[in-house]
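Going letter by letter, the sequence shown gives residues 1 to 203 in my numbering. Positions of the beta carbon are idealized from the N, C-alpha and C atoms, including for glycine. Note sheet for the following structure.
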Amino acid sequence: MQIHKRRSFWTRNVDRLSVAITTLLIVANTTGCLPEAPPLDGMLSFREANELLFEEHANHGAIYNIDHTWNGKPFKAEWRLANYLKKSAQLQIKPPTETFDEVDLCMALETALADESSNPWHNVADDAILRGFRHALQNDDTHIASAYCPDAPYDITVKVKNNGSEWFCEVKVQNLIDPKKLEEAQKYAQEQLDRLEKQHAHD
């Protein structure tokens, strides 16, 4: 299968630094926003997105847990591809609040997404997911945020909630086949990127 062009090691690490800095600004209640990473070259097709999802299901099964460590703190990434025939997948991270603050949680999510051997979205949607994470973290009402990826046919929903003793961070990604929904998702994603660019230009 033809794998979608991925970003270079340098670009991915620059993105990770940007995410960490942006999250620190959110925690500090600082207004303004850093610019998002530039989009990938080209669009991941619906067929390619499904092949990536099927590939991870074949490698790991419908449900699999991956152990990770962030800053010396262990946590588990719980992947669920049980609905892969419906072209959807989800990730859950539930580290203890005693040792993981908001920044740690963000970096734990980034660490889990960076593992290409277990990520059914193969890093294509990382930036959009992390952007959704930041918005969900700020949403005190529903704790939920939606995000669209300009580089892939993904409809993304992120939920982040402090349940007292542990965090609940859930990412759901649905592969979009409806041309109208896909067009709306692409338009929304581009509008968000344009808005952030304008905001940064005036900072």
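| Asked | Found |
| --- | --- |
| Those runs of the alpha helix (DSSP H) which lie wholly inside the stretch 140-173 and span at least 4 residues | none |
| Collapsed DSSP secondary structure at His200 in the structure displayed | helix |
| Exposed unless 16 or more other CB atoms sit within 10 angstroms - verdict on Gly164 | exposed |
| Residues that DSSP places opposite Glu221 in a beta bridge | Only positions 1 to 203 of the chain appear in this structure, which leaves residue 221 out of reach. |
| Contact under 8 Å by Cβ, Asp151 with Met43 | yes |
| Rounded straight-line distance, which links the Cα of Ala128 to that of Glu78 | 19 Å |
| Cα-Cα separation between Lys159 and Asn139, rounded to whole angstroms | 9 Å |
| Contact under 8 Å by Cβ, Lys87 with Asn50 | yes |
| Residue span of the alpha helix (DSSP H) that contains Met43, given as start and end | Per DSSP, Met43 belongs to no alpha helix (DSSP H) and is neither H nor E. |
| Classification of Asn175 by the beta-carbon crowding that lies within 10 angstroms, buried from 16 upward | buried |
| Beta bridge counterpart(s) of Asn175 as assigned by DSSP | Tyr154 |
| Straight-line gap, Phe54 to Val124 (C-alpha atoms, nearest Å) | 16 Å |
| Sub-8 Å separation of His57 and Leu81 beta-carbons | yes |
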